[in-house]
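This report refers to the structure that appears directly beneath it.
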Amino acid sequence: MALQVRSLNPALGAAVTGVDFREPLTPAIQAELNAAWMAHLVLVFPDQPVTDAQHVTLTRVFGEPEIFHQDIIKSRSLPEIFRLSNVDDDGNLMPPAHPTMQQINLARRWHTDSSYRENPAMGSMLHGVEVSRTGGLTCFINLYDVYDALPPHLREAVHGRKARHDFEQLSRLAATRKLTDAERKAMPPVWQPLVRRHPVTGRTSLYISPIYNDAVTGMDDGDAVALIEELAEFADQERFIYRHEWETDDILIWDNRCTMHLVTPHDPMERRVMHRTTIVGDGPVLPG
Ligand SMILES: [Fe+2]
Numbered sequence: 004m005a006l007q008v009r010s011l012n013p014a015l016g017a018a019v020t021g022v023d024f025r026e027p028l029t030p031a032i033q034a035e036l037n038a039a040w041m042a043h044l045v046l047v048f049p050d051q052p053v054t055d056a057q058h059v060t061l062t063r064v065f066g067e068p069e070i071f072h073q074d075i076i077k078s079r080s081l082p083e084i085f086r087l088s089n090v091d092d093d094g095n096l097m098p099p100a101h102p103t104m105q106q107i108n109l110a111r112r113w114h115t116d117s118s119y120r121e122n123p124a125m126g127s128m129l130h131g132v133e134v135s136r137t138g139g140l141t142c143f144i145n146l147y148d149v150y151d152a153l154p155p156h157l158r159e160a161v162h163g164r165k166a167r168h169d170f171e172q173l174s175r176l177a178a179t180r181k182l183t184d185a186e187r188k189a190m191p192p193v194w195q196p197l198v199r200r201h202p203v204t205g206r207t208s209l210y211i212s213p214i215y216n217d218a219v220t221g222m223d224d225g226d227a228v229a230l231i232e233e234l235a236e237f238a239d240q241e242r243f244i245y246r247h248e249w250e251t252d253d254i255l256i257w258d259n260r261c262t263m264h265l266v267t268p269h270d271p272m273e274r275r276v277m278h279r280t281t282i283v284g285d286g287p288v289l290p291g
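Under my numbering, the first residue of the sequence shown carries the number 4, and numbering increases by one thereafter.
This is the structure:
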């Protein structure tokens with residue numbers, strides 16, 4: 004059966020069917036998947052009831068899986084699996100005040116994964132193990148289109164500038180538990196260009212990750228935060244967004260180099276279990 008790729012939205016996102024991720028993939032199918040990913044930025048694979056080990060194997064079609072630097076969200080059984088879940092490894096529901104939930108819930112604001120790394124993650128792959136019926140939609144913004152549409156004053160403001168991406172900004176925003184010294188040392192803040200060139204497509208996009216950005220070169224911190232907020236607000240327009248309503252065993256892959264995402268709130272008493280792998284970046288961010 005041949006691969007079918009169907010666009011889901013004019014901005015970004017395509018559904019891909021005609022493939023079973025429990026079976027080995029031919030090099031030709033792997034190449035088609037990578038090409039579809041570059042063309043649509045977000046791919047949705049419905050009805051893929053994979054094990055965590057198969058999820059990790061599938062991730063390798065696109066790149067090398069990352070091992071997360073914190074222990075709190077990492078799966079005990081497979082270190083490549085990042086548990087975006089309100090249920091802990093022992094099956095207990097975690098209340099919203101739980102420090103792990105406070106950190107996970109920051110994903111309700113626009114961001115791109117691992118942007119605080121020197122070589123940020125190129126992509127992420129999320130498997131809906133137990134999906135929400137009360138919210139929990141994952142929404143994506145096409146940052147190529149956002150860059151192309153920037154009004155002149157914002158284009159001017161981002162030109163040649165870098166933003167700081169600091170993992171510790173999470174604990175400042177949510178008053179979550181403070182980072183340990185080891186966590187802080189493992190992840191010092193990095194400066195990334197606000198305009199980047201995609202290493203594969205060569206296209207130019209905006210590059211912000213508002214939950215991690217706390218400074219911009221050549222600006223005082225107040226102006227920097229205001230600029231990041233204005234850019235995030237401009238990007239948050241229907242014409243740039245695809246919203247994914249989850250079905251059980253959907254697998255999504257997105258490109259962190261040219262998109263931002265967030266998750267919408269859901270009833271905290273409802274179990275939501277999502278397993279993510281993260282794909283190691285292919286090098287430092289190229290300025291656009
Ligand atoms: Fe995320």
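Quick reminder that beta carbons are idealized off the backbone N, C-alpha and C, glycines included. Source: prediction; values computed, not measured.
Would you say the beta carbon of residue i is closer than 7 Å to some non-hydrogen atom of ligand 1?
i	result
H114	yes
H130	no
H264	yes
A177	no
A110	yes
Verify whether the separation of the beta carbon atoms of residue i and residue j is less than 8 Å.
i	j	result
I32	V22	yes
V219	L209	no
G66	M125	yes
A18	L11	yes
R279	N89	no
T204	M41	yes
H168	S127	no
A34	V8	no
L255	T141	yes
When we look at the beta-carbon of residue i and count the other beta-carbons within 10 Å, is it buried (16 or more) or exposed?
i	result
I70	exposed
M263	buried
S80	exposed
R199	buried
H156	exposed
A238	buried
R120	buried
P191	exposed
K165	buried
By the three-class DSSP mapping on this structure, what secondary structure does residue i have?
i	result
S174	helix
Y245	strand
M190	coil
L140	coil
P68	strand
N145	strand
At 3 residues or longer, what runs of the beta strand (DSSP E) sit wholly inside the segment 250-279? 254-258 and 262-266
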